[in-house]
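Data block below; observations after.
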Amino acid sequence: MSHVHEHPHHHHHGETAGRVLWLATGLTLAYAGVEAGVGWWTGSLALVADAGHMVNDAAALALAAIAAWLARRPASARHSYGFGRAELIAALINSLALLILVAWIAVSAVQRLHDPQPVIGEAVSLAAAVGLAINILVAWLLGRGEKNLNVHAALLHVLGDLLGSVAALLSGIIIAFTGWTPIDPLLSLGIGALVLVSSLRLLREALHGLMEGTPFTLAPEEVGRALATVPGVASVHDLHIWSVASEQTLLSAHLVVRDLRQWELVLDACHALLVERFGIQHATLQPEPETRAVHWLDAPPRLRHRSGR
């Protein structure tokens with residue numbers, strides 16, 4: 095059995111992601127404090143409630159930052175794959191928190207529609223404008239950084255806030271000029287629907303990763319067929335592809351080899367194929383002679399791939 099590895103430089107990117115997440119946490123908390131102060135000063139319950147929402151988002155960003163720190167820790171004897179899965183766990187928790195937030199928005203919006211509350215449009219607009227600027231900055235910082243489910247979950251929180259700021263700004267302007275308060279809960283319901291769709295997609299991806307499913311960007315059948323085209327490979331079976339984290343995909347497979355004396359050349363060719371074509375850096379490949387490849391017939395059809403030669 096042979097292992098082929100390449101170790102890309104993820105630690106530098108992880109450190110950058112961690113710094114950006116902590117910066118985003120600080121900015122979000124600072125704005126929450128300002129918003130709470132303005133809400134208390136103007137008597138706006140909506141702003142005070144939104145400040146509490148921002149504190150919740152800051153906690154989500156802090157969780158993502160802690161997960162990014164854990165993911166950078168080196169592998170140990172008991173955690174031989176490292177701690178990259180902490181990012182998937184954080185994405186799962188954040189996606190569930192987003193679903194709870196959507197439910198809260200929906201309930202609050204319906205209550206506001208049935209029992210309208212007075213809103214100071216000018217104060218809401220001013221606070222929303224500041225919040226929009228902060229959220230655009232944080233979203234830009236997260237969007238230009240490392241791409242993984244953990245950061246994506248944090249970005250969804252911020253985008254939800256950004257859309258909420260846009261909705262608050264619009265509703266504040268409309269209320270200030272028309273006095274029509276139902277616009278506030280109606281816009282909130284629309285934003286909640288958008289966040290719901292994104293949250294469900296994120297939840298699906300996080301659960302798929304934790305269940306060690308094949309990454310959505312890879313097709314096992316295509317990988318198996320490609321390996322079967324490597325010179326010297328007669329067939330491929332027991333093919334498994336899974337991910338430990340968003341940027342760490344692993345593969346294991348049994349290769350039926352025509353001539354075991356050529357195994358080193360076959361292994362190098364398979365390694366190059368997996369890295370260059372599919373981005374798989376870590377593969378465990380077990381060679382089998384054609385005369386002993388009896389398990390090939392027992393493998394599920396989707397896990398069997400014959401050479402075309």
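Okay, so the sequence shown: first residue is 95 according to this note's numbering, each after it adds one. For glycine and all other residues, C-beta sits at the position ideal for the given N, C-alpha and C. Just so we're clear, the structure is a prediction, and the values are computed from it rather than from any experiment.
Would you call the region 311-322 in contact with the region 273-283, where contact means no fewer than 3 C-beta pairs closer than 8 Å? no
Where W357 sits in the DSSP three-state scheme: As a working mapping, residue 357 is identified with position 263 in the sequence shown. Helix, per DSSP.
Taking its Cβ as the centre, do 16 or more other Cβ atoms sit within 10 Å of L288, making it buried, or is it exposed? Taking the sequence shown and counting its residues from 1, one reaches residue 288 at position 194. By the neighbour-count rule (16 or more Cβ atoms within 10 Å), L288 is not buried but exposed.
On a CA-only basis, which of R172, W163 and V338 is nearest V114? Give me that one, please. Indexing the sequence shown from 1 puts residue 114 at position 20. The shortest Cα separation from V114 among R172, W163 and V338 belongs to W163.
Length-filtered (4 minimum) alpha helix (DSSP H) runs lying within the region 307-354: 314-322
Have a look at F372, T272, A180 and E384 and flag the residue whose alpha-carbon is nearest the alpha-carbon of I335. As a first step, residue 335 must be located in the sequence shown, where it is residue number 241. Of F372, T272, A180 and E384, the residue nearest in Cα terms is F372.
Touch check for the region 214-232 and the region 251-264: three-plus C-beta pairs under 8 Å? yes
Is DSSP giving H147 helix, strand or coil here? In the sequence shown, residue 147 corresponds to position 53, counting from 1. H147 falls in the helix class under three-state DSSP.
Proximal residues to S346 (C-beta, below 6 Å), its chain only, five neighbours per side dropped: For the purposes of this step, residue 346 is identified with residue 252 of the sequence shown, where counting begins at 1. Excluding positions up to five away in sequence, the list reads H334 and T378.
P279, DSSP secondary structure in three states: As a first step, residue 279 must be located in the sequence shown, where it is residue number 185. Three-state result, P279: helix.
Can you list, in chain order, the residues of its chain with a C-beta nearer than 7 Å to that of A300? Leave out the 5 residues immediately preceding and following it. For the purposes of this step, residue 300 is taken as the residue at position 206 of the sequence shown. These residues qualify, in order along the chain: L182, A185, L186, S189 and L243.
Taking the Cβ atom as the reference point for each residue, do V350 and A320 lie within a distance shorter than 7 Å? As a first step, residue 350 is located in the sequence shown; it is residue number 256 there, counting from the start. As a first step, residue 320 is located in the sequence shown; it is residue number 226 there, counting from the start. In this structure, A320 does not lie closer than 7 Å to V350 by Cβ.
Nearest-angstrom Cα separation, counted from A180 out to H302: Position 208 of the sequence shown, counting from 1, holds the residue named residue 302. Position 86 of the sequence shown, counting from 1, holds the residue named residue 180. Rounded to whole angstroms, H302 to A180 spans 14 Å at the Cα level.
Am I right that G266 and I199 are in contact with their C-beta atoms under 8 Å? What's the rounded C-beta distance? The residue you call residue 266 lines up with position 172 of the sequence shown. The residue you call residue 199 lines up with position 105 of the sequence shown. About 17 Å; that fails the 8 Å criterion.
By how many angstroms is the C-alpha of H365 removed from the C-alpha of P383? Against the sequence shown, residue 383 aligns to sequence position 289. Against the sequence shown, residue 365 aligns to sequence position 271. In a straight line, the C-alpha of P383 is about 19 Å away from that of H365.
Counted within 10 angstroms of its Cβ, other Cβ atoms place G127 as buried (16 or more) or exposed: Along the sequence shown, read from residue 1 onward, the residue named residue 127 stands at position 33. So G127 counts as exposed.
Check each candidate in V245, V260 and P212 and name the one with the smallest Cα separation from A165. The residue you call residue 165 lines up with position 71 of the sequence shown. Nearest of V245, V260 and P212 to A165, Cα basis: V245.
Determine the closest residue to A154 out of G131, I230, V213 and G120, with distance taken between C-alpha atoms. Along the sequence shown, one-based indexing puts residue 154 at 60. Per the Cα distances, G120.
Do you know offhand how far T385's Cα is from R352's? Within the sequence shown, numbered from 1, the residue matching residue 385 stands at position 291. Within the sequence shown, numbered from 1, the residue matching residue 352 stands at position 258. Computed Cα separation, rounded: 9 Å.
Enumerate in chain order the residues of its own chain whose CB-to-CB distance from T308 is below 6 Å, with the five nearest sequence positions on each side excluded. Sequence index remark: in the sequence shown, residue 308 carries index 214 (1-based). Result list for T308: P314 and I335, in chain order.
Quick check: the Cα distance between A217 and A203, rounded to an integer number of angstroms? Position 123 of the sequence shown, counting from 1, holds the residue named residue 217. Position 109 of the sequence shown, counting from 1, holds the residue named residue 203. Near 20 Å, if we compare the C-alpha coordinates of A203 and A217.
Taking 7 Å as the threshold (C-beta atoms), are A145 and E129 in contact? Here the question's residue 129 lines up with position 35 in the sequence shown. Here the question's residue 145 lines up with position 51 in the sequence shown. Cβ atoms of E129 and A145: closer than 7 Å.
Could you tell me the distance, in whole angstroms, from the CA atom of L368 to the CA atom of I374? Counting from 1 along the sequence shown, the entry for residue 368 is found at position 274. Counting from 1 along the sequence shown, the entry for residue 374 is found at position 280. In a straight line, the C-alpha of L368 is about 5 Å away from that of I374.
Do we get a CB-CB distance below 7 Å when we pair S174 with the residues of chain B? The structure shown contains no chain B; it is built from a single protein chain.
Thinking C-alpha only, which one of W234, G215 and G237 is nearest A262? For the purposes of this step, residue 262 is identified with residue 168 of the sequence shown, where counting begins at 1. The residue with the shortest Cα to Cα distance from A262 is G215.
Nearest residue (CA-CA) to A159, options Q380, L192 and A111: Walking along the sequence shown from the start, residue 159 turns up at place 65. Looking at the Cα atoms, A111 is the closest of the given residues.
Inter-residue spacing [alpha-carbon to alpha-carbon] between A161 and R355: The residue labelled residue 161 in the question sits at position 67 within the sequence shown. The residue labelled residue 355 in the question sits at position 261 within the sequence shown. Those two C-alpha atoms are separated by around 45 Å.
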